[in-house]
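All remarks here apply to the structure that follows.
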Amino acid sequence: MSKLLKKATSNIETVPFGRFEIFNLIDNPFPSQAILNKDSTEKKLNGSIYEPEIRTAEFEKLLNNFLRSPQSDINHQRLGFLLDSSYIGRGNGKTAFLLNVLRKINNDYCLDLSGGVNKCFAVYFQPEAGGKTKTFDSFVDLFFQAVIDTDIIKNSLAILRLESIISLKQSEEILELYPENELVEKLNSDEWFGSEGKEKLDISRREITINILSNQHLQNLSKDFPLYRDTKFLTPLVTQRDFEDHYNNLKKGKAKFDFVFTELVSLFLASGFNGAYVFVDDFERIPDHQSAIQKKDFVTQLRTILYDGLYSNSKIGFYNFFFALHAGVPRILQEAWALSGLEHRVSLNPAFDNPRHMILFDKINEMHAILLVGKYLSEYRINPIEEGNKLTPFTEEAVKIIGIKSELNAAKILQMACNIIEHAADNKVDKIDAAYVQQLTKQGNVNIEHDQSVDSISKTETIDLMGKAQKKD
1 MSKLLKKATS
11 NIETVPFGRF
21 EIFNLIDNPF
31 PSQAILNKDS
41 TEKKLNGSIY
51 EPEIRTAEFE
61 KLLNNFLRSP
71 QSDINHQRLG
81 FLLDSSYIGR
91 GNGKTAFLLN
101 VLRKINNDYC
111 LDLSGGVNKC
121 FAVYFQPEAG
131 GKTKTFDSFV
141 DLFFQAVIDT
151 DIIKNSLAIL
161 RLESIISLKQ
171 SEEILELYPE
181 NELVEKLNSD
191 EWFGSEGKEK
201 LDISRREITI
211 NILSNQHLQN
221 LSKDFPLYRD
231 TKFLTPLVTQ
241 RDFEDHYNNL
251 KKGKAKFDFV
261 FTELVSLFLA
271 SGFNGAYVFV
281 DDFERIPDHQ
291 SAIQKKDFVT
301 QLRTILYDGL
311 YSNSKIGFYN
321 FFFALHAGVP
331 RILQEAWALS
341 GLEHRVSLNP
351 AFDNPRHMIL
361 FDKINEMHAI
371 LLVGKYLSEY
381 RINPIEEGNK
391 LTPFTEEAVK
401 IIGIKSELNA
411 AKILQMACNI
421 IEHAADNKVD
431 KIDAAYVQQL
441 TKQGNVNIEH
451 DQSVDSISKT
461 ETIDLMGKAQ
471 KKD
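Laid out in structure tokens, this is it:
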């Protein structure tokens with residue numbers, strides 16, 4: 001018989017259900033570990049699943065005191081803190097909050113959030129673990145890499161070239177030829193300028209660049225600034241990569257600081273931005289590994305680039321830094337902060353309640369736990385579900401118990417929910433109620449292993465910074 005007609009002796013008659021299909025779920029919606037990685041393609045790991053109602057008050061304060069405050073006001077807040085109201089360890093949701101705000105800002109460059117007052121971009125980074133980020137030089141290196149990762153220099157070059165083309169041709173026809181994202185790519189493509197662009201524009205790349213360099217914000221650039229290369233003949237188009245190479249070839253210290261805090265500020269101003277928000281997560285990694293002298297040097301340099309130096313950023317406050325801290329950090333930094341003079345500028349230990357520059361992160365409550373679990377479940381539903389059954393297969397009481405047993409720590413709640421739904425799927429339990437949760441926890445089947453990573457990079461043990469600071473007093 002032909003092999004085309006032969007049958008296997010063990011036929012698959014029906015396709016079995018998916019492991020979580022009995023719960024109307026594509027997959028386990030909860031992360032197995034308390035780790036967020038903004039670059040992950042898995043939405044339960046990259047912070048894109050976010051319930052804004054949990055942190056409404058915190059977002060409103062950030063919106064009113066920072067994002068809506070005109071960058072043109074020289075006295076706008078240039079430094080802010082996202083601080084746990086008490087030492088509750090990792091997993092309180094600061095990272096998820098920052099990543100959500102980052103996406104909101106970059107979605108429309110803050111124009112929608114500020115009512116058109118500010119056009120700002122946002123960048124996010126974490127100091128390296130294990131004491132690798134002790135100096136201000138290494139801090140600036142990470143900041144610049146975060147700028148590169150956002151492609152904001154690439155977009156700025158596209159904006160400048162687009163405005164120059166429109167100005168020279170006295171026409172916006174180019175906007176009708178390509179979608180926005182495609183236009184950004186073409187305006188950063190040497191190949192396009194040499195072929196299709198040359199034909200459609202009928203103006204040289206050199207003419208476009210000379211027109212760009214007439215911008216008032218670009219008059220005091222050093223002659224080795226990458227953009228000047230586009231005024232020469234027979235050189236490749238300057239791209240973001242050239243800016244990255246230029247930075248890496250600069251000497252550390254003043255040369256790099258001038259480039260980041262003066263020349264890049266000029267580039268961004270010329271391309272229409274009036275500010276940027278720099279979110280620094282897990283900031284405590286820096287002071288925890290610094291000596292007293294290193295703390296003072298770091299904080300003094302921070303004051304210089306923010307307020308008192310000759311950099312463009314010091315003069316106008318283009319970059320607005322926002323540090324996410326654990327509760328013990330202010331005490332550890334207190335002496336250096338005071339010696340540097342920053343305490344008078346932006347206090348780490350304010351003498352009054354609810355300071356404008358400080359957003360306190362309280363522990364979540366039981367209703368927040370319900371919202372959190374419901375949000376993750378909704379993102380993995382196979383079919384829409386009725387409003388009253390948003391927590392299925394969990395009951396509301398089950399989620400409350402999970403919250404309590406997780407000490408109302410968001411990361412632990414998600415990890416416990418992950419373990420419980422795994423256990424229920426293995427045992428074909430289609431309803432997770434309070435009794436089932438109590439049974440599993442009593443049997444020790446869903447013990448949460450404390451996350452040994454400080455974040456997605458570090459594998460070191462978590463340090464109680466509050467306790468450490470108190471011992472030093």
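If you count the sequence shown from 1, position 37 lands on 37 in the working numbering, and the numbers rise without skipping.
From the three backbone atoms N, C-alpha and C, an ideal C-beta is built for every residue, glycine too.
Quiz item: Expressed to the nearest angstrom, what Euclidean distance is found between the alpha-carbon atoms of Leu360 and Leu83?
Solution: Stepping through the sequence shown from its first residue, residue 360 is reached at position 360. Stepping through the sequence shown from its first residue, residue 83 is reached at position 83. Using only the alpha carbons, I get a separation of about 5 Å.
Quiz item: His344: buried (16+ other C-beta within 10 angstroms of its C-beta) or exposed?
Solution: For the purposes of this step, residue 344 is taken as residue 344 along the sequence shown, with counting starting at 1. Exposed is the call here.
Quiz item: Counting pairs of beta carbons, one from the segment 62-74 and one from the segment 367-378, are three or more of them closer than 8 Å?
Solution: no
Self-check item: alpha helix (DSSP H) segments (min. 4 residues) lying fully within the segment 279-353
Solution: 292-303, 312-316, 329-340 and 342-345
Quiz item: Which residue spans inside the segment 109-150 form an unbroken alpha helix (DSSP H) run of at least 4?
Solution: 136-149
Quiz item: Of the choices Ala158, Val346 and Arg19, whose alpha-carbon is the least far from that of Asn494?
Solution: Past the boundaries of the shown model lies residue 494; the chain is included only from 1 to 473, so the question cannot be answered.
Exercise. Verify whether the separation of the beta carbon atoms of Ile420 and Val399 is less than 8 Å.
Key: If you number the sequence shown from 1, residue 420 lands on position 420. If you number the sequence shown from 1, residue 399 lands on position 399. No, the Cβ-Cβ distance between Ile420 and Val399 is not below 8 Å.
Quiz prompt | First and last residue of the uninterrupted beta strand (DSSP E) at Met358 | solution = Residue numbering aside, residue 358 sits at position 358 when the sequence shown is read from its first letter. Unbroken beta strand (DSSP E) run through Met358: Met358 to Phe361.
Practice problem: Give the straight-line distance between the Cα atoms of Asn28 and Tyr380, rounded to the nearest whole angstrom. | Solution: For the purposes of this step, residue 28 is taken as residue 28 along the sequence shown, with counting starting at 1. For the purposes of this step, residue 380 is taken as residue 380 along the sequence shown, with counting starting at 1. For Asn28 and Tyr380, the distance between alpha carbons rounds to 8 Å.
Exercise. Decide yes or no for the touch test of the segment 108-128 against the segment 262-282: beta carbon pairs closer than 8 Å, at least 3 of them.
Key: yes
Quiz item: Three-state secondary structure (DSSP) at Asp242?
Solution: Looking up residue 242 in the sequence shown gives position 242. Helix at Asp242.
Quiz item: What residues in its chain sit with their C-beta under 7 Å from that of Val140, if we drop five residues either side in the sequence?
Solution: In the sequence shown, the residue the question calls residue 140 occupies position 140. Excluding positions up to five away in sequence, the list reads Lys256, Phe257 and Val260.
Exercise. Verify whether the separation of the beta carbon atoms of Phe90 and Ala146 is less than 8 Å.
Key: The residue labelled residue 90 in the question sits at position 90 within the sequence shown. The residue labelled residue 146 in the question sits at position 146 within the sequence shown. One point to set straight first is that residue 90 is Arg, not Phe, in the sequence displayed. In this structure, Ala146 does not lie closer than 8 Å to Arg90 by Cβ.
Quiz item: Which whole runs of the beta strand (DSSP E) in the segment 197-280 are 3 residues long or more, in chain order?
Solution: 275-280
Quiz prompt | Leu160 - containing alpha helix (DSSP H), residue span | solution = Sequence index remark: in the sequence shown, residue 160 carries index 160 (1-based). Ile152 to Lys169 is the span of the alpha helix (DSSP H), which, as asked, contains Leu160.
Quiz item: With a CB to CB cut of under 7 Å and the five nearest residues on each side skipped, what residues in its chain are close to Ser156?
Solution: Looking up residue 156 in the sequence shown gives position 156. For Ser156, where only same-chain residues beyond five positions count, the Cβ hits under 7 Å are Leu267, Phe268 and Ser271.
Self-check item: Leu25 beta carbon less than 8 Å from that of Asp281
Solution: Reading the sequence shown from its first residue, position 281 is the one you call residue 281. Reading the sequence shown from its first residue, position 25 is the one you call residue 25. Cβ atoms of Asp281 and Leu25: not closer than 8 Å.
Practice problem: Under 6 Å Cβ to Cβ from Leu414, same chain only, skipping five residues before and after it: list those, please. | Solution: For this step, residue 414 is matched to residue 414 along the sequence shown. The residues are Phe30 and Pro31.
Exercise. State buried or exposed for Ile208, treating a residue as buried only when at least 16 other CB atoms are found within 10 Å of its CB.
Key: Locating residue 208 in the sequence shown gives position 208, where the first residue counts as 1. Classification of Ile208: buried, given that the 10 Å Cβ count is 16 or more.
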